[in-house]
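Enquirer:
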Amino acid sequence: MEMERILDLEGRPLRPPRLSLEESRVLLKAMLLIRTFDSRALSLQRQGRIGTYAPFTGLEGIQAAAVRSLTAADWLVPTYRDTGAAILFGLPLLEALAYWKGFPDSYRAPADRQILPPSVPIATQIPHAAGIGWGLKHQKKEGIVLTFFGDGATSEGDFHEGLNFAGVFKTPVVFLCQNNGWAISVPFHRQTAAESIAIRAQGYGIHGRLIDGNDPLMVAEAVQEAAERARSGEGPTLIEARTYRQGPHTTSDDPRRYRQEDPLETTLGDPVERLRLYLQKEGAWSAEEEEETLQEAREKVAQAVAELEALPRPSPESIFEHVYGAEPPFFQQQRDRFLATLKEAQE
Amino acid sequence: MSPGTEKTLLAAVTEALDVALAEDPRVLLLGEDIGLNGGVFRATDGLFEKYGGERVVDTPLAESAIVGAAIGLALSGLRPVAEIQFMGFLYPALDQILSHVSRFRYRSRGRFTVPLVVRMPYGGGVQAPELHAESAEAHLVHTPGLKVAVPSTPADAKGLLLSAIDDPDPVLFLEPMRLYRSVKGEVPAGVHKVPLGKARIVREGNDGVIFCWGAMVPPSLQAARRAKEDGFDVAVVDLRTLSPLDRETIGKFARQTGRVLVVHEAPLTGGLGAEIVAICQEEAFWHLEAPPQRVAVPDTPYPAFAVEEDYLPQGATIYRALQKTLKEP
Ligand SMILES: Cc1ncc(C[n+]2csc(CCOP(=O)(O)OP(=O)(O)O)c2C)c(N)n1
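Taken in sequence, the protein lines are chains A and B.
Start counting at 1 in the first sequence, then tack on 14, and there's your number in our numbering.
Start counting at 1 in the second sequence, then tack on 43, and there's your number in our numbering.
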């Protein structure tokens with residue numbers, strides 16, 4: 015399978031893209047917003063103002079280009095890695111930050127946005143995505159599902175089982191693998207002896223594509239086409255977006271222990287850089303616009319950080335909220351006793 | 044016992060693995076990120092360099108296959124020691140654990156056995172993301188055919204792990220991650236074994252007893268020390284093997300003190316505290332002076348980390364419960 019790409023490393027289009035210049039400009043702005051968020055979150059973690067953080071540096075192109083195909087009827091099924099996608103699909107920045115600060119009330123999407131909380135156990139969200147798609151189809155409801163996962167996730171049984179279900183039930187789901195070449199310290203070639211993830215689509219009888227994940231125009235097109243297929247009843251698509259992990263796995267990780275230089279860096283470049291070069295060459299992006307966009311992004315993020323830090327410490331009562339829809343009486347007694355004892359002990 | 048050195052619990056785990064690899068060519072480590080990276084907590088630090096990638100093996104990201112393949116490795120004659128990155132990620136492997144690890148000997152009428160060890164960091168208190176703080180020991184203890192060990196000191200970490208690797212039965216080895224670097228202690232050099240199934244008396248006492256394990260040992264000890272200031276001598280017993288439980292020691296201390304408190308960081312309902320209290324009833328009913336009590340976390344999922352210190356039993360909450368147990372007429 016050949017990797018598909020539209021922009022080369024210098025941002026020259028190898029063929030006419032489907033996205034208009036205006037759409038591409040909107041895309042770049044979205045990428046700059048989440049890149050700003052990402053680097054701010056990293057520094058907040060270093061300053062001890064939030065907990066462990068999983069950066070998506072270098073994945074802005076994939077995440078921004080993918081969610082632009084979603085509508086209000088659609089579902090986003092993210093992992094811990096996909097904060098950028100969630101934000102661009104409507105998750106408030108404050109909710110995203112509160113999640114990484116370990117607040118129970120966090121990652122709450124607005125009522126008109128179907129964004130699931132991030133899945134932490136690898137690959138376990140993949141069958142959920144298949145099931146949501148199945149449910150929508152069964153009820154003849156509008157909407158499709160977009161789910162993300164890494165290359166490591168494709169080694170888990172849930173990847174296989176979820177894709178197989180999606181194939182059998184022909185569900186409207188876009189399965190988007192962000193193949194960043196690493197699962198913490200384990201390189202891609204240690205996850206599979208196969209040359210790509212995308213070729214596995216054939217084994218599930220579904221559509222598969224291998225694309226350059228650092229080419230935002232390519233990602234935008236591939237996801238748009240997969241979304242169109244899903245909407246028109248043609249079933250699921252597995253997209254493997256090749257990229258590379260620019261930073262550590264999470265802020266708890268020290269990549270110097272296991273990786274020297276990443277050869278992919280030179281063959282894929284940086285997604286923001288590539289799209290910017292393209293737009294500049296087309297005369298559709300200027301340094302002033304870049305600065306304006308960044309300034310706006312920094313202000314938005316700073317506002318969210320200020321709101322985050324103004325939040326009161328979560329109450330111990332929150333531990334007991336949302337465990338049950340119909341709370342058993344013993345649970346209520348337990349809560350009352352627990353909170354009373356805690357108060358006594360803390361006096 | 045040969046003289047040892049001061050080590051963290053984490054370093055003691057590494058040392059046990061090092062000794063096992065050096066002593067027994069059948070030992071093979073497998074897991075996610077345990078090679079060059081030395082494990083996400085560094086429990087296998089340096090072992091890949093020392094023993095090579097054929098014996099310290101980075102696997103694909105697949106817990107069910109890690110445990111399932113460990114079964115196969117054990118059946119073939121090796122002594123696999125699998126690492127699961129966090130206890131919450133044992134869940135994808137529970138099918139293999141519950142359906143096969145625990146039953147191979149039984150099903151094959153003793154012909155095929157799976158002497159393997161599955162190690163994993165467990166428990167909370169380190170401000171980690173969701174599912175990185177699970178205490179699911181009760182699920183494992185409830186499964187016949189498995190053994191379950193939980194060290195709370197560096198010496199026990201080494202001694203119990205080496206016993207686990209040698210044991211003819213599969214052992215789930217739970218490493219309290221909050222104690223990995225926070226406790227230090229003397230660790231005997233070379234081959235040092237602590238038998239499975241024997242509790243450790245952390246502190247003697249006749250007025251009451253606290254049964255605990257893992258990261259609950261230090262706060263329990265703290266509570267017992269506070270009770271001493273009130274004039275009570277409270278024993279602290281670190282069970283350190285949860286399956287099989289040391290019924291003899293549990294019964295002995297229940298009889299000796301008549302006042303029992305069990306502390307665990309797993310939810311109350313169906314937790315191991317219930318089993319231990321039942322053992323006290325069976326072994327010491329006529330000696331009990333007060334209703335045995337349990338300090339556990341409430342019956343909720345492990346909460347987001349900003350509230351975990353409220354959620355987890357602390358020295359102060361254990362002390363409150365202890366006061367009640369001690370003052371019961
Ligand atoms: C079931 C499970 N096993 C192990 C882990 C620990 N873990 C967290 S992220 C990760 C690597 C994931 O790699 P990949 O799927 O490629 O995604 P990436 O993080 O690189 O985006 C591992 C092993 C986990 N979260 N869930």
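Idealized CB from N, CA, C, for every residue including glycine.
Bear in mind the structure is a predicted one, so any value in this text is a computation, not a measurement.
Can you give me the C-alpha to C-alpha distance between A:Asp-96 and B:Glu-75, rounded to a whole angstrom?
Expert: Answer to the nearest angstrom: the Cα atoms are 22 Å apart.
Enquirer: So B:Ser-195 packs on B:Asp-281, CB below 8 Å; how close in whole Å?
Expert: Sure, about 5 Å apart at Cβ, within 8 Å.
Enquirer: Quick check: the Cα distance between A:Trp-148 and A:Leu-224, rounded to an integer number of angstroms?
Expert: Taking the straight line joining both Cα atoms gives about 25 Å.
Enquirer: Would you mind giving the Cβ-Cβ distance between B:Gly-358 and A:Pro-135, rounded to the nearest angstrom? I have them listed as a contact below 8 Å.
Expert: Not quite, the Cβ-Cβ distance comes to about 32 Å (not below 8 Å), so this is no contact.
Enquirer: Measuring from the CB of A:Gly-166, is there a heavy atom of ligand 1 at a distance below 7 Å?
Expert: Yes, the Cβ of A:Gly-166 comes within 7 Å of a heavy atom of ligand 1.
Enquirer: Taking the DSSP output, what are the residues bridged to B:Glu-58?
Expert: Answer is none; B:Glu-58 lacks a bridge partner.
Enquirer: Please identify the residue among A:Glu-306, A:Asp-268 and A:Leu-190 whose C-alpha is closest to the C-alpha of A:Pro-250.
Expert: The residue with the shortest Cα to Cα distance from A:Pro-250 is A:Leu-190.
Enquirer: From the DSSP output, in three-state form, read off B:Phe-91 for me.
Expert: It is helical.
Enquirer: In this structure, does DSSP put A:Ser-246 in helix, strand or coil?
Expert: A:Ser-246 falls in the coil class under three-state DSSP.
Enquirer: Is it true that the CB of A:Arg-271 sits closer than 8 Å to the CB of B:Gly-202?
Expert: It is not a contact, given that the beta carbons lie outside the stated cut-off.
Enquirer: Quick one, which residues of the region 141-171 of chain B are near chain A if we go by CB-CB under 9 Å, in chain order?
Expert: Under the 9 Å Cβ criterion, the region 141-171 of chain B contributes Gln-170 and Ala-171.
Enquirer: Using a Cβ cut-off of 8 Å (strictly closer), state whether A:Arg-327 contacts chain B.
Expert: True, the Cβ-Cβ gap to chain B drops below 8 Å.
Enquirer: Beta carbon of B:Gly-166, beta carbon of B:Pro-219: below 8 Å?
Expert: Taking 8 Å as the Cβ cut-off, B:Gly-166 and B:Pro-219 qualify as a contacting pair.
Enquirer: Please give the ranges of any alpha helix (DSSP H) in the region 257-287 of chain A, keeping only runs that are unbroken, at least 4 residues long and fully inside the region.
Expert: List check, alpha helix (DSSP H) in window: 278-282.
Enquirer: Is the CB of B:Gln-336 under 8 Å away from at least one CB in chain A?
Expert: For B:Gln-336, the answer is no, since every Cβ of chain A falls outside 8 Å of its Cβ.
Enquirer: Spatial neighbours of B:Ala-200 within its chain, please: C-beta separation below 6 Å, excluding the five flanking residues on both sides.
Expert: Hits under 6 Å: Leu-52, Ala-55, Val-56 and Pro-194.
Enquirer: What are the complete beta strand (DSSP E) segments, minimum 3 residues, inside the region 18-104 of chain A?
Expert: Counting whole runs of 3 or more residues, the region 18-104 of chain A contains the beta strand (DSSP E) stretches 89-91.
Enquirer: Hey, how far is the Cα of A:Ser-300 from the Cα of A:Thr-264?
Expert: Each residue's alpha carbon lies about 33 Å from the other.
Enquirer: Are any of the Cβ atoms in chain A nearer than 8 Å to that of B:Glu-229?
Expert: Not an interface residue.
Enquirer: Could you give the distance in angstroms between the alpha-carbon of A:Arg-349 and the alpha-carbon of B:Phe-129?
Expert: For A:Arg-349 and B:Phe-129, the distance between alpha carbons rounds to 28 Å.
Enquirer: From this set, B:Ala-278, B:Lys-93 and B:Arg-302, which residue's C-alpha is nearest B:Leu-331's C-alpha?
Expert: Comparing Cα positions, the closest option is B:Arg-302.
Enquirer: A:Phe-51: which of A:Tyr-121, A:Ala-316 and A:Pro-343 sits nearest, CA to CA?
Expert: When each option's Cα is compared against that of A:Phe-51, the closest is A:Ala-316.
Enquirer: I'd like to check one pair, B:Asp-61 with B:Arg-122: are the Cβ atoms closer than 8 Å?
Expert: No, these two residues do not count as a Cβ contact at 8 Å.
Enquirer: So A:Pro-118 contacts chain B; which residues on that side make the cut at Cβ distance below 9 Å?
Expert: By Cβ distance, chain B contributes Pro-346, Ala-347, Ala-349 and Val-350.
Enquirer: What I want to know is whether the C-beta of B:Phe-348 ends up closer than 7 Å to one or more non-hydrogen atoms of ligand 1.
Expert: False, no ligand heavy atom lies under 7 Å from that Cβ.
Enquirer: Taking 7 Å as the cut-off, is the beta-carbon of A:Arg-214 closer than that to any non-hydrogen atom of ligand 1?
Expert: Flag unset: Cβ of A:Arg-214 not near ligand 1.
Enquirer: Entirely within the region 104-133 of chain A and at least 4 residues each: give me those alpha helix (DSSP H) ranges in chain order.
Expert: Segments of the alpha helix (DSSP H) lying fully in the region 104-133 of chain A: 107-114.
Enquirer: Which residues in the same chain as A:Ala-137 place their Cβ atom closer than 7 Å to its Cβ, once the five residues preceding and following it in sequence are excluded?
Expert: Answer for A:Ala-137: Phe-163, Ala-167, Glu-170, Asp-172 and Phe-173, listed in chain order.
Enquirer: Along chain B, which residues have their Cβ under 7 Å away from the Cβ of A:Glu-170?
Expert: In chain order: Leu-104, Ala-105 and Pro-135.
Enquirer: Alpha carbons only, please: which of A:Ser-246, A:Asn-228, A:Arg-63 and A:Glu-209 is nearest the one belonging to A:Val-188?
Expert: Among A:Ser-246, A:Asn-228, A:Arg-63 and A:Glu-209, the Cα nearest to that of A:Val-188 belongs to A:Ser-246.
Enquirer: Quick check: the Cα distance between A:Pro-27 and A:Ile-220, rounded to an integer number of angstroms?
Expert: Looking at the two C-alpha atoms, the distance is approximately 29 Å.
Enquirer: Applying the criterion that 16 or more other CB atoms from any shown protein chain within 10 Å of the CB defines a buried residue, is A:Gly-181 buried or exposed?
Expert: That one is buried.
Enquirer: Run through chain B and tell me which residues come within less than 8 Å of A:Ala-359, C-beta to C-beta.
Expert: By Cβ distance, chain B contributes Gln-357, Ala-359, Thr-360, Tyr-362 and Arg-363.
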